[in-house]
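Engineer: Quick one: the structure is below, questions incoming.
Residue numbers (my numbering): 262 to 340.
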């Protein structure tokens, strides 16, 4: 067996694609669950905690149309 050294290769992560039931952001995911919608995001805590709460259909649509709406939505829910 022979080891060959060369350039460092750093794979780029593949972001999941948005679809009818899922919207993905850099550190958050919103999805359809049952008859409602859920938003989950990484809080940034040292322990790697995540926060999850229900959102309504209009907030889900806002996230789909404009991912920058994430901050106003989590602030409206006490985040």
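Just so it is clear, CB atoms sit at the ideal spot from N, CA and C, and this is done for glycine as well.
How far does the beta strand (DSSP E) with residue 316 in it reach, from first residue to last?
Structural biologist: Residues 311-316.
Engineer: What are the start and end residues of the alpha helix (DSSP H) that includes residue 331?
Structural biologist: Taken as a continuous stretch (DSSP letters only), the alpha helix (DSSP H) holding residue 331 covers 331-337.
Engineer: According to DSSP, is residue 264 part of a helix, a strand, or is it coil?
Structural biologist: Reduced to three states, the DSSP call for residue 264 is coil.
Engineer: Let's see if you can read the secondary structure: which residues bound the beta strand (DSSP E) around residue 382?
Structural biologist: The requested residue 382 is not part of the displayed model; the chain covers only 262 to 340.
Engineer: How is residue 276 classed by DSSP in three states: helix, strand or coil?
Structural biologist: DSSP places residue 276 in coil when its eight states are reduced to three.
Engineer: Could you spell out where the beta strand (DSSP E) holding residue 291 opens and where it closes?
Structural biologist: Residue 291 -> beta strand (DSSP E) spans 289-294.
Engineer: Of all the options 327, 339 and 336, which has the alpha carbon lying nearest to the alpha carbon of residue 364?
Structural biologist: Because the chain spans 262 through 340 in this model, residue 364 falls outside it and cannot be assessed.
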